[in-house]
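Worksheet: the structure to be examined is printed underneath.
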Amino acid sequence: MTKTPDKPEQNPDTPPAPEVGGEPAAHAAQQRTQVEIDDTKALALYANFCRVTGTPEELIIDFGLNPQPFGLPTHPISVTQRIITNFYTAKRMLHALQLTIQRHEQAFGVLETDVQKRVRPGVQGQARG
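If you want it as structure tokens, here you go:
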């Protein structure tokens with residue numbers, strides 16, 4: 045069983061949140077409580093494909109493995125995981141992901157999502173040939 049910390053992780057290079065009325069802004073807006081999480085039944089699976097669809101009430105996020113990441117796939121991509129959630133939870137997840145990506149990029153550099161911009165000249169041709 046994993047417990048989340050009372051306070052969010054603070055990057056030592058990031059200044060603390062501004063204070064409002066003697067309390068940090070994050071604590072003034074909302075008191076943090078400790079939540080126990082039981083992750084003993086969680087499955088850890090890898091995905092390099094994601095599709096987002098939904099309805100006016102719910103967001104559906106499908107994850108799968110694309111065995112052919114370059115070009116158009118010649119076989120259907122098998123969706124192996126699906127998360128169905130409401131838009132409030134999705135927005136909280138978006139915020140958490142944005143903060144996590146921002147910290148990662150500050151430490152390791154900008155993540156280029158366009159595969160063609162990441163491919164080094166000559167390397168892609170050598171892998172195929």
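To convert, note that position 126 of the sequence shown is 170 in this note's numbering; the numbers rise steadily by one, no gaps.
All C-beta atoms in this analysis are idealised placements derived from N, C-alpha and C, irrespective of residue type, glycine included.
Per the coordinates, the alpha-carbon of V154 lies some 30 Å from the alpha-carbon of S122. Closest by C-alpha distance to I128, out of R147, L103, N110, L109, is L103. Here V159 really is in contact with F114; their C-beta atoms are around 7 Å apart, less than 8 Å. By the criterion of a C-beta distance shorter than 6 Å, G98 is surrounded in its chain by I104, once the five residues flanking it on both sides are discounted.
Cβ atoms of G108 and F93 come within 8 Å of each other, at about 5 Å.
Checking the DSSP bridge columns, you'll see F107 partnered with C94, Q125. The beta carbon of N110 is closer than 7 Å to those of N92, F93, P117, I121 in its chain, skipping five residues each way along the sequence. C-alpha of L143 to C-alpha of R136: approximately 11 Å in a straight line.
In the structure shown, E101 adopts coil according to DSSP, grouped into three states. The beta carbon of E149 lies closer than 8 Å to those of L155 in the same chain, with the five residues before and after it left out.
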